[in-house]
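The next block holds one structure in the form of structure tokens; read it before the comments.
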Amino acid sequence: MAHILEGCRRRERNAQRQLFHTYASQMLAVCIRYVKRKEDAEELMLQGFEKFFTQIHSFTFQGEAAFAGYLKRIMVNECLMLLRKRKVVFEEIDDRSLAITQAETPVERLSSKEIFELILKLPEGYATVFNLFVIEDLSHKEIARLLGITEGTSKSQLSKARALLQKMITVHGK
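Just so we're aligned, residue 1 is where the sequence shown starts under the UniProt record's numbering, counting upward by one.
Following this line, the structure appears as structure tokens:
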């Protein structure tokens, strides 16, 4: 991987193409988690790669896993910028209504692909916070800062996302 990145630093098209083909499907999946339309996700992924290639001089290779994480962070940021432009609605709710019942669900019967498809059906605000909290492992404080919302709003969006997912999984699993 280090030699491919060195080729990218020298703006070698073959190295850039190789890097793109190695990570494109993985980064597209990241973008699709945030924006539901595949066309939007593809555009954001391409913008993310372009941003990486133009800013490659500021990246220091510290291993393939660190690189994948760095590239993923670029993709997530591109998606969040689009969502901010779209002014995705994040609903405020009273903290007392955040309790989620822990009902048994037939989630064991669903494949990861089916679960992923259900996540894509969440409203954008719910899906964004769900992805940032559950997938990206960010705190509510970090999410609030990134999205320009309160921590309470982040918590409520996550609560609503989980409740809706539970309901969709139950319905889907029957």
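Yeah, the Cβ is synthetic: ideal placement off N, Cα and C, and Gly gets one too.
Since this is a predicted model, take the numbers as computed values, not measurements.
Stretch-stretch touch, CB-based, cutoff 8 Å, three pairs: the region 152-169 with the region 116-129
yes
Local Cβ density within 10 Å of VAL171, reported as buried at 16 or more and exposed below that:
exposed
Distance check for GLU117 and ALA66, CA to CA, integer angstroms please.
Spanning the two alpha carbons is a distance of roughly 28 Å.
Quick check: what's the CA-CA separation for THR60 versus ARG10?
15 Å
If you draw a straight line from the alpha carbon of LEU44 to that of GLN16, how long is it in whole angstroms?
17 Å
Pick helix, strand or coil for SER97, following the three-state DSSP scheme.
Summary for SER97: the model assigns pLDDT 47, below 50, so the residue's position carries little reliability; its value from the coordinates is reported in the next sentence. Of the three classes helix, strand and coil, the one that applies to SER97 here is helix, per DSSP.
Quick check on CYS84: buried or exposed, where buried means 16 or more other Cβ atoms within 10 Å of its Cβ?
Looking at the sequence shown, residue 84 is not Cys but Arg. ARG84 comes out exposed.
Among residues of its own chain, excluding the 5 on either side of PHE52, which ones have a beta-carbon nearer than 7 Å to its beta-carbon?
LEU71 and ILE74
Are SER154 and PHE133 touching if we call contact CB-CB under 9 Å?
yes
Rounded to the nearest angstrom, what separates LYS141 and ARG37 at their Cα positions?
28 Å
Excluding the 5 residues preceding and the 5 following LEU122 in the sequence, name in chain order all residues of the same chain whose CB lies nearer than 8 Å to its CB.
Contacts found: PHE130, ALA161, LEU164 and LEU165.
Could you give the C-beta distance for LYS48 and MET27, rounded to a whole number, given that I count them as a contact under 8 Å?
For the record, residue 48 in the displayed sequence is Gly; it is not Lys. By a beta-carbon distance limit of 8 Å, GLY48 contacts MET27. Their separation comes to about 6 Å.
Could you spell out where the alpha helix (DSSP H) holding ARG86 opens and where it closes?
64-86
Are the Cβ atoms of TYR34 and LEU5 separated by less than 9 Å?
no
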